[in-house]
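Here is the structure we will look at, set down as C-alpha cells.
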Amino acid sequence: MTTTKDLPWLGAQRPVIGRLNSMIREARDLGPVVKVRTLAGDEAWLVTRYAELRQLLLDDRLGASHKDTANRPRYLDNPLFDMGVLSNDPAVAAQIHTRMRTSLTPHFSAKRMKALQAGIVERVNELLDGILATGSPADLHRQLSVPVSFLVLCDLLGLPDPERFMVMLSTAGDVADSDKAEGGQLVLFDYLLELVRYKKATPGDDLISALCEAGIDDDFVTKLIAITSFSYLVTPKNLSAGIALFAEHPEQRELVIADPDLMAGAVEEVVRMSKTSESCQPRYASADIDIAGVTIRTGDLVLSDHYAAGFDDLVFEFPERFDVTRSPNPHMAFSYGSWYCIGAPLARLEIREVLSALFTRIPDYRLAVPIDDIPMISDLQLGGGIAELPVAW
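Per this note's numbering, the sequence shown starts with residue 20, numbered consecutively.
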C-alpha cells in the first residue's frame, strides 16, 4: 500500500533554469494529474499537463474554500497561505474572490501601466548606474531584479519605508519556522492596517489610497495589499531567469537587440521558461472531480503548476528551447480564467524595461558561473528560486 512518504516529494530536486527538474518530469510521466507529497508533508494532486490544468482552472468545483480549514492538507507550512482559503463555503469563497478581483483589476489597466512606465525606467537606470559604477562582476539578482521589483511595488502601493516593509515580508514568509512566520504576519498586518488608516486621512496617488477612497473596509484593503505584496516574490525570479536565459543564449539576445519588435515575444518566452522553484498554486476540491483517469475527492488539495505546463511537449514544440520568435506561445504562467494573475501587465512591463535597459547598457554581459550552478534559495523560504545571479562583462 502506498503511503504519503512513498509519493514523489516536491522538494526532492534542485530547481534548474530553462527546463523541468527530474522529479517534476518523472511525476508527469506517471500521468497529467498525480499524487505527490507537498513541502508541508501532506498529500496533494499535482497537475503538470497543459490540457488538464486548463480544464481544472475552468472548473468551479476547484477553488479557495475548504470545509475543515484547520485540518486541510497544506502546500507549505506558512500561515500566509491561510489567506488563500477564503471560506469554508465554496459560494462565499467565490464571492470574496470576485470582490478581490473587481477591487484590484482597474489599478492594473493599460492606462495605469503607461503611467507607471516612466518611473520604472527611472528606477531601472538608477540601479544600473550603481552596478556600472561598482563594476564587473555583479549580482544582478540582488542588485537589480529584487530591488526594482520591490521599489516598483512600493511606488504602486504608496509605501513610505521600503526597507522596513521588505524585512516584514521576509519574516512573514519564513517556512522553516511557523512561529516566527505567524508573529511576522501579525506585525505585517498591524503595519498595513495602520497605513490604510493613514491613507484614508491623507490620500495620495497610489493603490492603497484608491482602494480606501472606493469605500472598501479597512480589513479588506489590508488583506488585498498583503496578497498583492507577496507577488513581489515572483517577478524577481522571472527577471533573473530571463537575464540568465539571454546570457546562456546570446544569439537570442542579438535577435532582440537587432529587432526591438521581438521584445514582446521575448517577454512571453521568458515568463514561460522561468520556473525556478516549486511555485504551485494551491486550490481545494469542493466536490469530487473525475479527470485523466483519477478521482480528486472533496477536500483534496490540488496544486496547479503553471510553469510545468509551459514545458508540455504536447503543446509546445521543443519546450526546453529558448526561442524569442516562438509563436504561438499560449503559456499559462499567469494562470487562466478567473484565476488569471491581475498583476500580469505590471510583471510584463518590468521584465520588458529591465531587459531593454540591460541590453542597451551592458549588451555583452555573461554568466560568471554555469547556469546550473546559479545559487538557489531553499524552498523553506516562501518563494524559493534564485538566490544570486553572478554576471560579468
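Even for Gly, the Cβ is constructed at its ideal location relative to N, Cα and C.
I'd like the span of the beta strand (DSSP E) that includes residue i, first residue to last.
i: Gln300; result: 300-304
i: Thr314; result: 313-315
i: Ile310; result: 308-310
i: Lys54; result: 52-56
i: Ser323; result: 320-323
i: Val410; result: 409-411
Can the beta-carbon of residue i be found closer than 8 Å to that of residue j?
i: Arg68; j: Glu62; result: no
i: Ser259; j: Leu159; result: yes
i: Ile370; j: Val275; result: no
i: Tyr355; j: Arg73; result: yes
i: Ala112; j: Ala83; result: yes
i: Met292; j: Pro34; result: no
i: Val373; j: Val143; result: yes
i: Leu368; j: Leu146; result: no
i: Thr247; j: Leu49; result: no
i: Val321; j: Leu81; result: yes
i: Leu212; j: Asp237; result: yes
i: Val313; j: Val52; result: yes
i: Met102; j: Ala195; result: no
i: Gly223; j: Gly177; result: yes
i: Ile310; j: Ile36; result: no
i: Arg93; j: Ala59; result: yes
i: Arg385; j: Ala411; result: yes
i: Asp189; j: Asp96; result: It should be pointed out that residue 189 corresponds to Ser in this sequence rather than to Asp. Against a cut-off of 8 Å, the Cβ pair of Asp96 and Ser189 comes out as no contact.
i: His85; j: Tyr303; result: yes
i: Tyr15; j: Met187; result: Lying outside 20 to 412, the shown extent of the chain, residue 15 is not represented and no answer is given.
i: Leu281; j: Leu226; result: no
Quick check on the DSSP output: the alpha helix (DSSP H) that includes residue i runs from which residue to which?
i: His116; result: 109-123
i: Glu339; result: Taken as a continuous stretch (DSSP letters only), Glu339 belongs to no alpha helix (DSSP H), as it is neither H nor E.
i: Lys294; result: No alpha helix (DSSP H) holds Lys294; DSSP gives it neither H nor E.
i: Gln204; result: 197-220
i: Thr415; result: For residue 415 there is no data in the structure shown, the boundaries of the chain being 20 and 412.
i: Asp332; result: Run containing Asp332: none; DSSP gives neither H nor E here.
i: Leu243; result: 237-248
i: Ala229; result: 226-232
Count the other CB atoms, across all protein chains shown, that sit within 10 Å of the CB of residue i; report buried if there are 16 or more and exposed otherwise.
i: Pro255; result: buried
i: Asp332; result: exposed
i: Glu141; result: exposed
i: Ala387; result: buried
i: Tyr359; result: exposed
i: Asp391; result: exposed
i: Gly192; result: buried
i: Phe337; result: exposed
i: Val206; result: exposed
i: Leu214; result: buried
i: Lys24; result: exposed
i: Lys54; result: buried
i: Leu416; result: Given a span of 20 to 412 for the chain in the structure shown, any question on residue 416 remains unanswerable.
i: Leu77; result: exposed
i: Gly234; result: exposed
i: Lys294; result: buried
i: Leu151; result: exposed
i: Ser155; result: exposed
i: Glu71; result: buried
i: Gly404; result: buried
i: Thr221; result: exposed
i: Lys133; result: exposed
i: Pro179; result: exposed
i: Ser357; result: exposed
**Request:** Count the C-beta pairs between the region 148-166 and the region 198-217 that are closer than 8 Å, then say yes if the count reaches three, no if not.
**Result:** no
**Request:** Please specify which runs of the alpha helix (DSSP H), each continuous and at least 4 residues long, are wholly inside the region 37-100, giving them in chain order.
**Result:** 41-49, 69-76
**Prompt:** Can you list the alpha helix (DSSP H) stretches of 4 or more residues lying completely in the region 345-382, in chain order?
**Reply:** 363-380
**Three CB pairs or more closer than 8 Å across the region 336-355 and the region 115-133** = no
**Request:** Please determine if the region 316-330 and the region 370-385 are in contact, where contact requires at least 3 C-beta pairs separated by less than 8 Å.
**Result:** no
**Prompt:** Is the region 252-270 in contact with the region 321-332, if contact means three or more CB pairs nearer than 8 Å?
**Reply:** no
**Request:** Taking only runs that begin and end inside the region 151-194, name each unbroken alpha helix (DSSP H) of 4 or more residues, in chain order.
**Result:** 165-176, 181-191
**Request:** Report yes or no: do three or more beta-carbon pairs, one from the region 230-237 and one from the region 335-342, lie closer than 8 Å?
**Result:** no
**Request:** Report yes or no: do three or more beta-carbon pairs, one from the region 353-368 and one from the region 127-142, lie closer than 8 Å?
**Result:** yes
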